[in-house]
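Undergrad: Taking my numbering, the leading residue of the sequence shown gets 1, the next gets one more, and so forth.
Each residue gets a CB set at the ideal place from its N, CA and C atoms; glycine is no exception.
Submitted below is the structure of interest, expressed as structure tokens.
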Amino acid sequence: MLFSSISFLYYFLPVTIVVYFISKNKYKNLILLLASLFFYFYGEPGYTLLMIISAFSGYIHGVLIDKYRETKYSKVFLVSSLVISLGILIVFKYGNFIISNINYISSTNIKLLKLALPIGISFYTFQILSYVVDVYRNEAKVCKSFIDFATYVCLFPQLIAGPIVRYTTIQEELNNRVYSFEKFAYGVNRFIIGLSKKVIIANNLGMLVDVINSNTGKNILSYWIVAIVFPLQIYYDFSGYSDMAIGLGRMFGFHFLENFNYPYISKSITEFWRRWHISLSSFFRDYVYIQLGGNRVSKNRWIFNIFAVWCLTGLWHGDSWNFVLWGLYFAVLLVIEKLLLKDIIEKLPSFLQHIYAKFFIIISFVIFNNENIKDMFSSLYNMFNFRGLPLYNEFSAYYLKSYAVILVISIIGATPVLKNIIVKVSNRSAGEKFISTINPIFNIILLIIVTSYLIDGSFNPFLYFRF
């Protein structure tokens, strides 16, 4: 079930909210768990049991780690949990990738696994991993109720596309949530904003990317349109989902951490990864990078740590060599920035810093957006193939003009300009009243527009569902 669907907006969500708030507090987690299991079963019936088994494994291992904390068995149970959780993830997500590469290297013919990728497996697996590691480190209290733990793992607002929510972030709220009209209203507002980002902006940008890709008359402009528009599309798609997840969490009394912070205003690649998919980058920082020694090691070991982390980051996104290359691409840039370019970049004028960062971010998403390495190199080459391709044709120019309004909106919306204007207006006495009055009206208008799109539109899942 998609957040951006009529069935979710006007059936599942209202019913869940009503049942949740009329229930006694001691039943609220059970209600959320049952709703989350139904939500997942609706879209992925074959793998609902797998998610429950994964959650139960994490729960049991957490209890055992805590029970045998002062003995050597604590580490044994930690390793056991990691092997089971990562084993499930590797089999279902990377099994065919591994087999295909073995077949290619050894000229064997091992049959591929007939397994589909379970939706959200990368997200809920990482949540389970963070929990058992934090319990082992004594940084999180062990959860003694399976209902509570399963609610944490399966919670539908962030189940299938994040953000990756750590147990320590919401452990107190699992049994002690505070509700208010203001918090619920904030959640509704945040959800509608995210929904609008997805349906109105991301989907339209996706249509532009698809129509340009479908044109056989390639030209340099067409390659650059896709190279620039796709990063905007995936930003509004993924950050829109994160906004919806945060908003839904707030409606039910949870406070999820932010996952995006205007990444396209970054002045360096290092800054970009402090602003993009924050829950993933912080996960790899805390559970892999620091454990390898972080930056408190020799230069060569530090370089190894960076490449190891970013190879894993690339693989997390998918079972394809282009994702590995995407991760290694960022590893190279981060190492070069740290060792060679940091002082040079800081001395550049601000606009040149932005140009530098945006150029390499755009190139990264060309790598990300192609299904194989051959197509990736072809796209990169043709972006600069001034001798072999025409600069533009009528087709690409026409669609660029046709989507000009949505492109301008998406570029402005990817910066904090509108947010800063609203804050400045709200700081004035009359402005705060104006914002509080106009905001619900604006949300209703957005919801009407979104609904009209959903009624007339086609199935359009979130891009990050495949991860």
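1) If you measure from the beta carbon of A414 to each beta carbon in chain C, is any gap under 8 Å?
2) Out of curiosity, what's the CA-to-CA distance linking L257 and N176?
3) What whole-angstrom Cβ distance do V324 and F284 have, given they're in contact under 8 Å?
4) Determine, using beta-carbon pairs with one atom in the segment 235-251 and one in the segment 185-196, whether at least three such pairs fall under 8 Å.
5) Look at the alpha carbon of L328 and the alpha carbon of K24, and state the distance between them as a whole number of angstroms.
6) By the 10 Å Cβ neighbour count, where 16 or more other Cβ atoms means buried, how is K374 classified, buried or exposed?
7) On the criterion of 16 or more Cβ atoms from any shown chain inside 10 Å, does Y381 qualify as buried, or is it exposed?
8) In chain order, what residues of the same chain have a beta carbon less than 6 Å from the beta carbon of M376, not counting five sequence neighbours either side?
9) Counting beta carbon pairs with one atom in the segment 224-237 and one in the segment 206-215, are three or more of them shorter than 8 Å?
10) Measuring CB to CB, does S85 end up less than 8 Å from G120?
11) As a quick exercise: from Y235, I449, I31, L292, pick the residue whose alpha carbon is nearest that of N252.
12) In three-state terms, what does DSSP make of M1?
13) Measure the alpha-carbon distance for F395 versus F365 and round it to whole angstroms.
14) Output the residue ranges of the alpha helix (DSSP H) runs that lie fully inside the segment 22-71 and measure 4 residues or longer, sorted by chain position.
15) Taking three-plus beta-carbon pairs below 8 Å as touching, is the segment 113-129 in contact with the segment 330-340?
16) Are the CB atoms of A397 and L221 nearer to each other than 8 Å?
17) Given a cut-off of 8 Å on the beta-carbon distance, is the pair S410 and I201 in contact?
18) Mind checking which residues open and close the alpha helix (DSSP H) that includes D243?
19) Can you check which of these residues, S279, D343, Q158, is closest to F3 by C-alpha distance?
20) Cβ atoms of G162 and S266: under 8 Å apart, would you say?
21) Closer than 6 Å by C-beta to E432: which residues in its own chain qualify, once you throw out the five before and the five after it? Chain order, please.
22) Out of curiosity, what's the CA-to-CA distance linking I344 and G293?
23) Where does E479 sit, in a helix, a strand or coil, going by DSSP?
24) Flag this pair as yes or no: are the beta carbons of Y262 and R275 separated by less than 8 Å?
25) Using a threshold of 7 Å, is the CB atom of N295 nearer than that to any non-hydrogen atom of the ligand NAD?
26) Counting pairs of Cβ atoms below 8 Å between the segment 176-191 and the segment 138-149, do you hit three or more?
27) Could you give the residue range of the alpha helix (DSSP H) that holds P440?
28) Does the segment 70-78 come close enough to the segment 38-47 to have 3 or more Cβ pairs within less than 8 Å?
29) Rounded to whole angstroms, what's the CA-CA distance from R166 to Y287? Just pull it up for me.
30) Alpha carbon to alpha carbon, how far is D134 from A140?
31) Using the three-state DSSP reduction, which class does P390 fall into: helix, strand or coil?
32) Threshold first: 4 residues or longer. Then list the alpha helix (DSSP H) segments lying entirely within the segment 362-413, N to C.
33) Smallest Cα separation from S125: which of C154, N103, F97?
TA: Concretely, from the data shown:
1) No chain C appears in this structure, which consists of one protein chain only.
2) Spanning the two alpha carbons is a distance of roughly 18 Å.
3) Rounded to the nearest angstrom, the Cβ distance from V324 to F284 is 15 Å, too far for a contact under 8 Å.
4) Verdict: yes, contact present.
5) Near 50 Å, if we compare the C-alpha coordinates of K24 and L328.
6) K374 is classed as exposed because its beta carbon has fewer than 16 other beta carbons within 10 Å across all chains shown.
7) Under a 10 Å Cβ-count criterion, Y381 is classified as exposed, with fewer than 16 other Cβ atoms of the shown protein chains found around its own Cβ.
8) For M376, where only same-chain residues beyond five positions count, the Cβ hits under 6 Å are N322, I367, N370.
9) Three or more pairs of CB atoms, one per stretch, sit closer than 8 Å, so the segment 206-215 contacts the segment 224-237.
10) No, Cβ-Cβ distance for S85 and G120 is not below 8 Å.
11) Per the sequence shown, the amino acid found at residue 252 is Phe instead of Asn. Residue nearest to F252 within the set Y235, I449, I31, L292 is I31 (criterion: CA-CA distance).
12) Three-state DSSP puts M1 in coil, outside helix and strand.
13) Whole-angstrom Cα-Cα distance: 23 Å.
14) For the segment 22-71, whole alpha helix (DSSP H) runs of length 4 or above, ordered along the chain, are 25-43, 48-67.
15) Three or more Cβ pairs closer than 8 Å define a contact, and the segment 113-129 falls short of that threshold against the segment 330-340.
16) The beta carbons of A397 and L221 sit closer together than 8 Å.
17) Against a cut-off of 8 Å, the Cβ pair of I201 and S410 comes out as a contact.
18) Taken as a continuous stretch (DSSP letters only), the alpha helix (DSSP H) holding D243 covers 220-251.
19) Of S279, D343, Q158, the residue nearest in Cα terms is Q158.
20) No, Cβ-Cβ distance for S266 and G162 is not below 8 Å.
21) Hits under 6 Å: S426.
22) One alpha carbon belongs to I344, the other to G293, and they sit about 27 Å apart.
23) Outside the displayed span of the chain (1 to 467) sits residue 479, for which this structure offers no information.
24) Yes, the pair counts as a contact, with Cβ atoms nearer than the cut-off.
25) You won't find the ligand NAD in this model; it holds no ligand whatsoever.
26) With the cut-off at 8 Å, the segment 176-191 and the segment 138-149 do not touch.
27) Element bounds for P440: 429-456.
28) The answer is no - the segment 38-47 does not touch the segment 70-78, with fewer than three Cβ pairs under 8 Å.
29) In this model, R166 and Y287 are separated by some 12 Å (Cα to Cα).
30) Rounded to whole angstroms, the separation of the alpha carbons of A140 and D134 is 5 Å.
31) The three-state secondary structure of P390, taken from DSSP, is coil.
32) Counting only runs of 4 or more, we get 373-382, 394-402, 404-413.
33) Inspection of the sequence shows that residue 125 is occupied by Thr rather than by Ser. Ranked by how close their Cα comes to the Cα of T125, the residues C154, N103, F97 have C154 in first place.
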